[in-house]
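So for the sequence shown, this note's numbering puts the first residue at 1; every next one is plus one.
C-beta atoms are modelled at their ideal positions from N, C-alpha and C, and glycine is treated no differently.
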Amino acid sequence: MSDNGCGFPAPGLHSFLFKPIFTVGGFEFNKVMLLALLTTLVVVTFFYVAFGKAKLVPGKLQMIGEAGYDFVRRGIVYETLGKKEGEKYVPLMVSIFFFVWIMNIWSVIPLAQFPVSSVIAYPIVLALLVYVLWVSLTFKRHGFVGGWKNITGYDNSLGPIKWLVSFIEFFSNLLVRPFTHAVRLFANMFAGHLMLVMFTVASWYLLNSYMIPAAGVSFVMTMVMILFELFVQAVQAYVFVLLACTYIQGALAEHH
Numbered sequence: 001m002s003d004n005g006c007g008f009p010a011p012g013l014h015s016f017l018f019k020p021i022f023t024v025g026g027f028e029f030n031k032v033m034l035l036a037l038l039t040t041l042v043v044v045t046f047f048y049v050a051f052g053k054a055k056l057v058p059g060k061l062q063m064i065g066e067a068g069y070d071f072v073r074r075g076i077v078y079e080t081l082g083k084k085e086g087e088k089y090v091p092l093m094v095s096i097f098f099f100v101w102i103m104n105i106w107s108v109i110p111l112a113q114f115p116v117s118s119v120i121a122y123p124i125v126l127a128l129l130v131y132v133l134w135v136s137l138t139f140k141r142h143g144f145v146g147g148w149k150n151i152t153g154y155d156n157s158l159g160p161i162k163w164l165v166s167f168i169e170f171f172s173n174l175l176v177r178p179f180t181h182a183v184r185l186f187a188n189m190f191a192g193h194l195m196l197v198m199f200t201v202a203s204w205y206l207l208n209s210y211m212i213p214a215a216g217v218s219f220v221m222t223m224v225m226i227l228f229e230l231f232v233q234a235v236q237a238y239v240f241v242l243l244a245c246t247y248i249q250g251a252l253a254e255h256h
């Protein structure tokens, strides 16, 4: 913990570092990896239990599962890709949505209290998955030449500036796009967790000093931050999948 002279243990990068739970052959397994593994188990187990023995008249768990599945299918995939094109991508997008959402929500779960997606490696892997899918679909749909035209926005009607536009589009789509897709999720979860830790630590610190009224204010802010984080966690899962669908839509769209 850092010390700024007043004894307040200010949160910082150390709040995102964890000692290994165990080490095997140089491989370190830490809390973040455990939470990522638990995320996978939670998502897979939930949908297996909800739909493993689906009934015509659904039970409570199946109803919740259907509501979540239908929200992503109709509210994101169909709205972006249309029913005909989008149906085949629904399972993937549902999986990504709930995986990202559960990774985020660990931040407000007692004992866990850490959003997995605030570690940049996890958003990067998910963004790369979408990136590879987008690039492969682009060339599969349009062929080699048409694929490059789609990616670069090459258009003869632009005249002399077509090469400048193509260079900007190439740089934006192939290099910047996967970076911003990952960083948007990472940055929001990183900042949110840092703020939540700051107010939580401040509440405890002030409670153990003569500034007890200030501790009450800090505690209220902590509760507000938790509610705000619950909202942001769901929004970030939504935005991540919405952007993924938008990229796929761009890959499938006809180039003019």
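Would you mind working out which of F99, A251, F219, K19 sits nearest A237, comparing C-alpha positions? F99
With a threshold of 16 other CB atoms inside 10 Å of the CB of G75, please say whether the residue is buried or exposed. exposed
Quick one: grab the DSSP three-state call for F51. helix
Rounding to the nearest angstrom, what Cα-Cα distance links K83 and V77 in this structure? 8 angstroms
Mapping the DSSP letters down to three states, classify F71 as helix, strand or coil. helix
For the pair the region 115 to 123 and the region 185 to 196, tell me if three or more CB-CB distances fall below 8 angstroms. yes
Hey, would you say P178 sits closer than 7 angstroms to A127, going by beta carbons? yes
With distances taken between CB atoms, is the gap from Q249 to T138 smaller than 7 angstroms? no
Pairs of beta-carbons, one from the region 215 to 233 and one from the region 146 to 154, closer than 8 angstroms: are there three or more? no
Closest Cα partner of V44 within the set K88, G192, T23, V94: V94
Could you tell me how far apart the beta carbons of T39 and I96 are, in whole angstroms, since I believe they sit closer than 8 angstroms? Their Cβ separation, rounded to whole angstroms, is 12 angstroms, which puts T39 and I96 out of contact at 8 angstroms.
Reducing DSSP to helix, strand and coil, say where V116 ends up. helix
Go ahead and pull the three-state DSSP assignment for E254. coil
How should I21 be labelled, buried or exposed, when 16 other C-beta atoms within 10 angstroms of its C-beta is the threshold for buried? exposed
Enumerated in chain order, which unbroken segments of the alpha helix (DSSP H) with a length of 4 residues or greater are wholly contained in the region 96 to 162? 121 to 152
Using the Cβ count rule (16 or more neighbours within 10 Å means buried), how would you classify M198? buried
Is the beta carbon of A112 sitting closer than 7 angstroms to the one on L194? no
Can you tell me the Cβ-Cβ gap for S166 and T152, rounded? I've got them flagged as a contact below 8 angstroms. 4 angstroms
Alpha carbon to alpha carbon, what distance is there between G216 and S136? 54 angstroms
Excluding the five sequence neighbours on either side, which residues of its own chain have a C-beta within less than 8 angstroms of the C-beta of T23, listed in chain order? F29
What residues are listed by DSSP as bridge partners for T23? E28
Measuring only the C-alpha atoms, how far is K88 from W204? 50 angstroms
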